[in-house]
Structure formats: structure tokens, C-alpha cells
């Protein structure tokens, strides 16, 4: 094995949260409505939005021309469609449509439609890795400049097909003379696509659309880089229809809206009497036709609350927990160190200083990187977004009609106001539940042996502060043993008081000898390593921030048990922690004797 000492590099203990297992640092917060910290954060956000609409500070929240519905979605909801918190404002200029705005009012959601279409793909049972030409063979044409046979359904759903953004739409024939006055050459109408061009011809039929794609130019090679495409989702819906015999309306109903109770999520046009219709021009009431899968759905705050909660809860209506976890994985980079693209998630990892007011960039204290799975959508007069903060078990739904800038301002205010509170509640609950001194007696052939462990909260994460058997310091022993057994091909540990514990999400039901039902939760120690390079070569230290310590998990064993695995044992009925077990040390359950 290649020696990794110069690749797996140590980082200051306080910065360890920037090199850690992906996912929650501590378990997601619970009972948020009972938390004073979180209630204050919600009250502050409500007051901020109220002040903005009153014009008390500069913003795009125009009380007359902007309407808005915002929700915080969480696992604690009593009803799937009733969010933990919601906020509504109906602009006084919204004279058409609904006169009473609530969570059941309809908005155009634009490209949020794409994540719904991808959910349909997941539930359809169609093999996502099949080439699209299996279902739409007319695309397998040697004259096409696009390599359709290399484009899978997964690539279409994940913005990795490399195909055009639109076909016909985004050509503006009615301002043709303006183009000419700006210096563009005069064109005959035959130079334009035969369908879908605003001001020239009618919407494309399926045959016109598929034939037209054979003359289209690719944006990129398949799977090379993400390129935004609306028509990818039209093609995807056609392929699913070819595989299942269901048109998009039936796909939407059978695979998603019926199982999740999202009856108001439909292809345009919607219901005028329930609609939020902004003043001025908008595309409310337009029939998007076959473009609906990529941007032409109507929905409500209630329906999207149900959808977001189903994802957070790993609801069986969306697939198995493993399938949903896979759906949330990134598919490609987007050219930014803070962004990635999923299926079709627009994943954002803002700098900690932007989310946590007390974050110290020098020490890494006071916050950490949070991954946000979002999907944005826009239509004329409308802007929508859903966002998952899976680490905390919550999500946001934002629907606006009017000024396009309003949504971004509200979204940023919500994130900066809520994330620090969510994090504080999660850490407080973690130390109360899991922190403390654990002690017990290990029954062995040589007799009863005392064992004990101490768990504390260090910054944002839990830390195993001590582990002793018969007076011996097991944590110090692990570092020494690592040096003897593994340091010849792995880096040396730098674990001075830093044995951080992270939840894995793995749990099992069990029954104790006294008949009590319990849940065993697996947690893992995240090893930290020592940077030992002594070279004077150029570039020394360049790789220091490359987080490769994930490769060190599960290396040290003792009697078939991994030395970095411990189990918290919880009462199955109450959820309270009863004790801690270190299987590699044969401690058995060390009872919780003191809370720090």
C-alpha cells in the first residue's frame, strides 16, 4: 500500500469540523416548538418580514406588488402538509385571483417542477442508467450532432446531458427588427425553428420537437459538466411514458401527488380563484404543454411542505431510505467550491462565516459548513424555491409572486436567522442526552473489571474524553498501538484529547437480559492525523486542507471489533440514553451515571 503520510494531513483541532464525516455532526434537533431558542429565532424572522413589508428598511418586499408564502418544514410536524411555521403576505395590488392567501393558494413554481419530475423518475421503476435512445429510438440518428446514445435518463435528470437549454422558446421573433437595428443580420423566417418561437409559430408537437433536436447543437459532451436544460425534462417525461404507458399527467398523479396527498400540484393552467396572480404581466394561466415537466407546474405551500417533509422523513412513498439518500448525493461539481449539482439539486455549501455570526475563521470555532439541497424555479412574475437542511431535519419552502428579487432576500434572511438557532438546539440536546460519565463492570474470565468513559461536547461535536479499563488509559493505548501496527503505511495519529464522535444513523433494536427493549446507535470516532512533512520542496503544505481522513475509518481492530466504533444504548420507549458500549473493549453497557 502506498504510504499516505504526506497526503493525509493534520489540521488544528478547532478546524476538525471542516474535515469530518458528511452528514449530521450531532443528531437533528427535536421538539423544536418547545425550544425557547428556536421560538425566538422564528419570532425574529417574522418581525423582520413584517418590518420589510412596512418599508422600515430597504428591500424588494413591496407590500403592494409582492405576494409571498414561506414555510419551515420539519420532522416534528403533526400533519404532513402543516409546516412548523408559515408566513403569508398578499400584495394589495394583487386584484386578480385569490383574496385570501393561505397555504392552499396556488403559485407557478417554475423549475421546482424539475425536482418533482426527478421524483417521478425515481418512482417509475424505469432504469435510470438506460440510454434515452432505448425509449426514444428516433434520437439514435447519425446525422445528429448530439451523441444521444451516450445520454442516460440519469444524465437528463441531473443536468449532465450537455443538450440545449430550450428548443424554440427563448427565440423572440417579435423583436426581430430590433436585433437588426443593433447590427444583427436580417434573417428569413425559415432560419428560425419551425415551432415554439414566440411571435412566429405555434407550440411544438412531439414529432416536431424530437425531429428538431436532431439539428440542435450540444452545449457540452455528455457527462462532462453540468449545463442547464429545460428540454431535458420534456425528453425525460417522453421516455418514462414510452416505458410505462403513462403520459405526464398520469405520471404526476400515480407516482407522486396521489401517494403524498398533493392534489393541488398540477400542470398549468391552475385554478384562478385560488391563484396568487401578481399585478402586471405574468404567465399565470398559460398552458405549458409538454414543457410542464421542466417548469410548468402549479403548486401550493401545503403540497410542497408535504413533499419536502417526505424527503426529510425518508417516506416510503418516495422510495427506500437508501434510494432517497442516494437521490441527495451530488452528481458533479458546478465550477464553484461552494456549489455542486445533484438530481437535480442545486447544492450549496456557504462559508460558515456567512451562516454563523460568531464563526472564527482562524480557529474554526463557532460554526461549520452546512450542506443545503435546494431547487430554484422561476416563471414570468413568479419565483419559487425549496431547500433541505437535511443535517437538521428541516426544510424551507418559498413561493413569491411579483418582484423576482424578493425570494432571495427572504431566503438569505431565513437561513442566517434559523441555522444558528437550529445548531444551538441540536448541540444542547446532544450534550444533555449523550454527554456524561458512563461506568460499569465488564465480566470476564479473569473476574469483574471496572470500565468507564466520559463524553463531552467540544465546540459543535461530541468528544470521547476518556475511556478506561481497570485503570488503564485505552485512548492513549490506541494511539500507541496505531504507531506500532499502522503507521508504516498510514499517517501517525494526532489525537491528544481529540476523539471526536459522530453519529452514523445506524441503529438496531435489541432486548436486554432484564427484558427491556432498547435501541443500539452506532457512533464512530473520527481519527485525526499528524502532518509529518519536513521537506523544503516548493508547495510544502499545499495539500494540508485536503480532507482525506475519511480513508482511515475501520482500520484498527481487536478481536473482530473495530476500535473506532461505540454504541449508545437508548430506551426504546422513551429514547433516553441508558449507557455506552465499546464492543472492541468488551465493556458491555456502561451505565450513565452523571450528565455534564
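In mature numbering (1 follows the signal peptide of the UniProt record, and there is no 0), the protein residues as written are -16 to -1, 1 to 580. Beta carbons: idealized from backbone N, C-alpha and C, even for Gly.
Continuous alpha helix (DSSP H) stretch holding residue i: start and end
i	result
residue 285	285 to 296
residue 389	389 to 418
residue 102	96 to 108
residue 278	276 to 279
residue 466	458 to 469
residue 299	Segment: none, residue 299 is in no alpha helix (DSSP H) and carries neither H nor E.
residue 30	20 to 37
residue 218	215 to 228
residue 234	232 to 236
Beta-carbon proximity of residue i to residue j, cut-off 9 Å
i	j	result
residue 4	residue 484	yes
residue 116	residue 137	yes
residue 151	residue 183	no
residue 107	residue 53	no
residue 188	residue 274	yes
residue 98	residue 243	no
residue 141	residue 114	no
residue 455	residue 475	no
residue 505	residue 491	yes
residue 574	residue 432	no
residue 236	residue 135	no
residue 329	residue 357	yes
residue 333	residue 89	no
residue 486	residue 7	yes
residue 206	residue 131	yes
residue 67	residue 148	no
residue 78	residue 262	yes
residue 289	residue 64	yes
residue 109	residue 228	yes
residue 119	residue 224	yes
residue 538	residue 502	no
residue 31	residue 75	no
Classification of residue i by the beta-carbon crowding that lies within 10 angstroms, buried from 16 upward
i	result
residue -7	At residue -7 the pLDDT is 39, less than 50, meaning the model places this residue with poor confidence; the figure from the coordinates comes in the next sentence. That one is buried.
residue 576	buried
residue 166	exposed
residue 549	buried
residue 85	buried
residue 512	buried
residue 387	buried
residue 562	buried
residue 162	exposed
residue 579	For residue 579, the pLDDT reaches just 46, beneath the cut-off of 50, and the residue's location in the model is therefore unreliable, although a value from the coordinates is still provided. Looking at its Cβ environment, which holds fewer than 16 other Cβ atoms inside 10 Å, residue 579 is exposed.
residue -5	Bear in mind that a pLDDT of 44 at residue -5, under 50, signals an unreliable position, so the number given afterwards is only what the model happens to contain. With fewer than 16 Cβ atoms within 10 Å of its Cβ, residue -5 is classed as exposed.
residue 521	exposed
residue 459	buried
residue 560	exposed
residue 497	exposed
residue 51	buried
residue 621	The requested residue 621 does not occur in the structure, where the chain is confined to residues -16 to 580.
residue 310	exposed
residue 175	exposed
residue 472	exposed
residue 565	buried
residue 468	exposed
residue -15	Confidence at residue -15 is low in this model, with a pLDDT of 33, below 50, so its placement is unreliable and the value that follows should be read with caution. Residue -15 should be labelled exposed.
Residue range of the unbroken beta strand (DSSP E) whose run includes residue i
i	result
residue 436	431 to 442
residue 448	445 to 453
residue 91	90 to 92
residue 52	51 to 58
residue 268	It is not in any beta strand (DSSP E) - residue 268 carries neither H nor E in the DSSP assignment.
residue 119	First-last for residue 119: undefined, no H or E at that position.
residue 71	69 to 73
9 Å Cβ cutoff, residue i in contact with chain C
i	result
residue 45	Here chain C cannot be found, since the structure has a single protein chain.
Inter-stretch contact (C-beta, 8 Å, three-pair minimum) for the region 347 to 366 and the region 93 to 100:
Contact holds: three or more Cβ-Cβ distances are below 8 Å.
Could you tell me which whole alpha helix (DSSP H) segments of length 4 or greater appear in the region 124 to 208?
If only complete runs of 4 or more residues are kept, the region 124 to 208 shows the alpha helix (DSSP H) at 137 to 141, 160 to 165 and 190 to 197, in order along the chain.
Counting beta carbon pairs with one atom in the region 245 to 261 and one in the region 211 to 225, are three or more of them shorter than 8 Å?
They do not touch, by the three-pair rule.
I want to know whether the region 20 to 31 touches the region 340 to 351 - three or more CB-CB distances under 8 Å.
They do not touch, by the three-pair rule.
Just list the alpha helix (DSSP H) runs in the region 307 to 393, keeping only unbroken ones of 4 residues or longer that don't cross its boundaries, in chain order.
Contiguous alpha helix (DSSP H) elements confined to the region 307 to 393 occur at 336 to 339, taking only those with 4 or more residues.
Touching or not, the region 372 to 380 and the region 292 to 303, by the rule of three or more beta carbon pairs under 8 Å?
When Cβ pairs closer than 8 Å are counted between the two stretches, the region 372 to 380 is seen to touch the region 292 to 303, the count reaching three or more.
Counting beta carbon pairs with one atom in the region 76 to 85 and one in the region 406 to 424, are three or more of them shorter than 8 Å?
Segments in contact, no.
3 or more residues per run - each beta strand (DSSP E) lying fully within the region 487 to 563
For the beta strand (DSSP E) assignment, the uninterrupted runs of no fewer than 3 residues enclosed by the region 487 to 563 are, from N- to C-terminal side, 501 to 510 and 549 to 555.
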